[in-house]
Amino acid sequence: MHHATEPRRRTRLSPDARSRQLMDHAIAVFAQRGIGRAGHAEIAERAHVSVATVFNYYRSREELIDSVLGEVESFWFTLAREALGRGETAIDALRLLFDATVDAVYEKGDYAQIALEWAASVRDDLWPRHTQFCGRMLDLTRQTLQRGVERGEFELRMSERETLAVINSLYYPACQMIFRDPQPPREEIKAFMLNTSRLVLGL
Numbered sequence: 005m006h007h008a009t010e011p012r013r014r015t016r017l018s019p020d021a022r023s024r025q026l027m028d029h030a031i032a033v034f035a036q037r038g039i040g041r042a043g044h045a046e047i048a049e050r051a052h053v054s055v056a057t058v059f060n061y062y063r064s065r066e067e068l069i070d071s072v073l074g075e076v077e078s079f080w081f082t083l084a085r086e087a088l089g090r091g092e093t094a095i096d097a098l099r100l101l102f103d104a105t106v107d108a109v110y111e112k113g114d115y116a117q118i119a120l121e122w123a124a125s126v127r128d129d130l131w132p133r134h135t136q137f138c139g140r141m142l143d144l145t146r147q148t149l150q151r152g153v154e155r156g157e158f159e160l161r162m163s164e165r166e167t168l169a170v171i172n173s174l175y176y177p178a179c180q181m182i183f184r185d186p187q188p189p190r191e192e193i194k195a196f197m198l199n200t201s202r203l204v205l206g207l
């Protein structure tokens, strides 16, 4: 005897849960489509909600882009702050930063793809905010380097500004290596970042 199948009910999420769900889908869409092409309709399709629902949370395309970039910025800044804060020495803090960064690119590749595109978007609507974001990231690394110099762990062989620029820029070749096909082992990328930073610091 066959029983009629009850229609599947759509789960009603709380506003906070819905916001988190839409942001997760927005990150995926922006990584796939790009900052300039991603929009409300694609997010709605992925989330199985109406376009109007997405507009309830992001009232314009500008607000959507601002929210996604804010999410990406918060993700990478929090990761760096927590990793650098755990190291007993400056070089250990950098190692933890590189390890966490590489793991995140492997496991949260969408965040890396958006960050890479953002870094190449030298446009008036995107670049000023990215410059501020880079400044915050540089400040975190600067504190670590200054701690290392004060404790006698190393002496800077270049200016502080140059040293910071080289160490922070390691993220970009690391991503290029990770997104190759076939994808290299994580430990290879982590070793590249750590060994390069040790070379820059004369260690």
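Just so you know, we're using the numbering used here here: the sequence shown kicks off at 5 and counts up by one. Heads up, the beta-carbon is just placed ideally off N, CA and C, and yes, glycines get one too.
Supposed contact pair residue j and residue i - C-beta distance, whole angstroms, cut 8 Å
i      : j      : result
THR200 : GLY152 : Going by Cβ atoms, the distance from THR200 to GLY152 rounds to 16 Å, so no, they are not a contact pair.
Cβ-based neighbour list, residue i, same chain, cut-off 7 Å, excluding 5 preceding and 5 following
i      : result
ARG133 : LEU73
LEU17  : GLN25
GLY40  : none
GLY43  : ARG65
LEU101 : ALA84, ALA87, LEU88
SER173 : none
THR9   : Only weak support exists for where THR9 lies, its pLDDT of 48 falling under 50; the value from the coordinates is given anyway. Excluding positions up to five away in sequence, the list is empty.
Beta-carbon gap between residue i and residue j smaller than 7 Å
i      : j      : result
LEU144 : ALA87  : no
ARG161 : GLY206 : yes
MET181 : ILE193 : yes
LEU142 : LEU168 : yes
Inter-residue spacing [alpha-carbon to alpha-carbon] between residue i and residue j
i      : j      : result
ARG22  : ARG90  : 33 Å
MET197 : CYS179 : 11 Å
ASP20  : ARG165 : 41 Å
ALA30  : TYR61  : 12 Å
PRO189 : THR135 : 31 Å
GLU159 : LEU203 : 12 Å
ASP185 : TYR176 : 17 Å
SER54  : ALA48  : 6 Å
ILE69  : ALA51  : 17 Å
GLU46  : ARG37  : 9 Å
GLY139 : VAL58  : 32 Å
SER125 : PHE137 : 13 Å
LEU98  : LEU149 : 9 Å
ASP28  : GLU67  : 16 Å
GLU154 : GLN147 : 11 Å
GLU191 : THR105 : 12 Å
ALA195 : THR82  : 22 Å
ILE95  : ASP128 : 36 Å
ALA32  : GLY156 : 44 Å
TYR110 : PHE183 : 9 Å
Close beta carbons around residue i, own chain, < 6 Å, minus the five adjacent residues each side
i      : result
ILE118 : PHE34, ALA35, VAL76
TYR115 : VAL76, PHE79
TRP122 : HIS134
GLN187 : none
Closer than 7 Å to chain C by CB, residue i
i     : result
GLU67 : This model lacks chain C altogether; it includes just one protein chain.
Sequence-distant residues of the same chain with beta carbon closer than 8 Å to residue i, five excluded per side
i      : result
LEU120 : TYR176, CYS179
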